[in-house]
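Asker:
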Amino acid sequence: MTVEQVMDIVRRDTVYYKNTGGGVTFSGGEALAQPEFLAACLERCKHEGIHTAVDTSGFAQWSVFETILPHTDLFLYDLKQMDSHKHEQMTGVGNAVILENLRRIDERGKSIWVRVPLIPGYNDSIENLRQVAGFAKTLTNVEKMSLLPYNGAAGAKYSFIGRKYTLEHLDEQTSLEKADFMKLLSSVGIEVEVGR
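Structure, rendered in structure tokens:
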């Protein structure tokens, strides 16, 4: 698609954005994988007065963030695992760049929602969540944290991209576990929600 084709779709909801205070969110996959195109789309949205958000894992060179910062109002930023070695085991990369990029975004005064996709047995331990909350608390512009509980239905999407789903053995978190996670994260004084 071209930037103009994307904007034709975005403009369809302009009335909704104005009535709700909402806007457009660029996600993926990873939106930062196409930085020039993303920057051009964000710039057009801002030029037309549309609130912009970028949903990201944070794994990119800082120069990529520098191109989109002027046109991004909000970052939906994933923090999966605070232990860098475990993060690398889970995702294939450590988390040093991810954490440093988040600090730099915060220093530039951008609004941030920290999102934690919870994978049972991988990153849903109390210790990891305590560390995520502690890190988020050191930042100035974290407006809230979102816990994204594991959803077993996600496995159905893998066949569409020709990949094998390897987490079919996992059970979704219970309501009690979710409540415990909420309580823990709320204790640091940041608004917490489940499932967004």
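Under numbering that gives the first Met the number 0, the first residue of the sequence shown is numbered 0, with each subsequent residue one higher.
Even for Gly, the Cβ is constructed at its ideal location relative to N, Cα and C.
If you run the structure through DSSP and keep just helix, strand and coil, what is Arg199?
Answerer: Past the edges of the chain, shown from 0 to 195, lies residue 199, and the structure says nothing about it.
Asker: For Tyr76, which of helix, strand or coil comes out of DSSP?
Answerer: Your numbering for residue 76 matches position 77 in the sequence shown. If DSSP states are grouped into helix, strand and coil, Tyr76 belongs with the strands.
Asker: Compare the Cα-Cα distances from Lys143 to each of Gln130, Val115 and Thr90 and report the closest residue.
Answerer: Here residue 143 corresponds to residue number 144 of the sequence shown, with the count starting at 1. Ranking Gln130, Val115 and Thr90 by Cα distance to Lys143 puts Val115 first.
Asker: Distance, Cα to Cα, Ser174 vs Phe180?
Answerer: Within the sequence shown, the letter at position 175 stands for residue 174. Within the sequence shown, the letter at position 181 stands for residue 180. If you take the alpha carbons of Ser174 and Phe180, they lie about 10 Å apart.
Asker: Under a Cβ-count criterion, where at least 16 other Cβ atoms within 10 Å of its own Cβ denotes burial, should Ile97 be classed as buried or exposed?
Answerer: By 1-based counting over the sequence shown, the position of residue 97 is 98. Buried, because 16 or more other Cβ atoms sit within 10 Å of the Cβ of Ile97.
Asker: Start and end of the alpha helix (DSSP H) containing Thr51?
Answerer: As a working mapping, residue 51 is identified with position 52 in the sequence shown. Thr51 -> not in any alpha helix (DSSP H); beta strand (DSSP E) instead, spanning His50 to Thr55.
Asker: Excluding the 5 residues preceding and the 5 following Val63 in the sequence, name in chain order all residues of the same chain whose CB lies nearer than 8 Å to its CB.
Answerer: What you label residue 63 is simply residue 64 of the sequence shown in a count that begins at 1. Correct list, in chain order: Leu31 and Pro34.
Asker: Going by Cα to Cα distance, which pick from His168, Thr51, Asp12 and Arg102 is closest to Ala152?
Answerer: The residue given as residue 152 occupies position 153 in the sequence shown. If we check each option's Cα against that of Ala152, His168 comes out closest.
Asker: By Cβ distance, which residues of its chain are closer than 7 Å to Thr185, with the 5 residues on each side in sequence left out?
Answerer: If you number the sequence shown from 1, residue 185 lands on position 186. The amino acid at residue 185 is misidentified as Thr; the sequence shows Ser. So the qualifying residues of the chain are Val191.
Asker: For the ligand FAD, I want to know if Lys182 counts as a neighbour, meaning its beta carbon is within less than 7 Å of at least one of the ligand's heavy atoms.
Answerer: In terms of ligand content, the structure shown is empty, and the ligand FAD therefore cannot be addressed.
Asker: In this structure, what does DSSP give as the bridge partners for Arg114?
Answerer: Here residue 114 is taken as the residue at index 115 of the sequence shown, counted from 1. Note: Arg114 sits in a beta bridge opposite Asp77 and Ser145.
Asker: Quick one: is Thr24 buried, meaning 16 or more other Cβ sit within 10 Å of its Cβ, or exposed?
Answerer: As a first step, residue 24 is located in the sequence shown; it is residue number 25 there, counting from the start. By the neighbour-count rule (16 or more Cβ atoms within 10 Å), Thr24 is not buried but exposed.
Asker: Ignore the nearest five residues each way along the sequence and tell me which others in Lys45's own chain have a CB closer than 7 Å to its CB.
Answerer: Position 46 of the sequence shown holds residue 45. Answer for Lys45: Thr51 and His70, listed in chain order.
Asker: Closest to Ser26 by C-alpha separation, out of Phe36, Leu183, Asp54 and Val2, would be which residue?
Answerer: For this step, residue 26 is matched to residue 27 along the sequence shown. The shortest C-alpha separation from Ser26 is found at Asp54.
Asker: Can you check whether the CB of Val113 is closer than 8 Å to the CB of Val141?
Answerer: The residue you call residue 141 lines up with position 142 of the sequence shown. The residue you call residue 113 lines up with position 114 of the sequence shown. Yes, these two residues count as a Cβ contact at 8 Å.
Asker: According to the Cβ coordinates, are Ile81 and Asn127 closer than 8 Å?
Answerer: Numbered from 1 along the sequence shown, position 82 holds the residue referred to as residue 81. Numbered from 1 along the sequence shown, position 128 holds the residue referred to as residue 127. One detail in the question is off: residue 81 reads as Met in this sequence, not Ile. Yes. Within cutoff.
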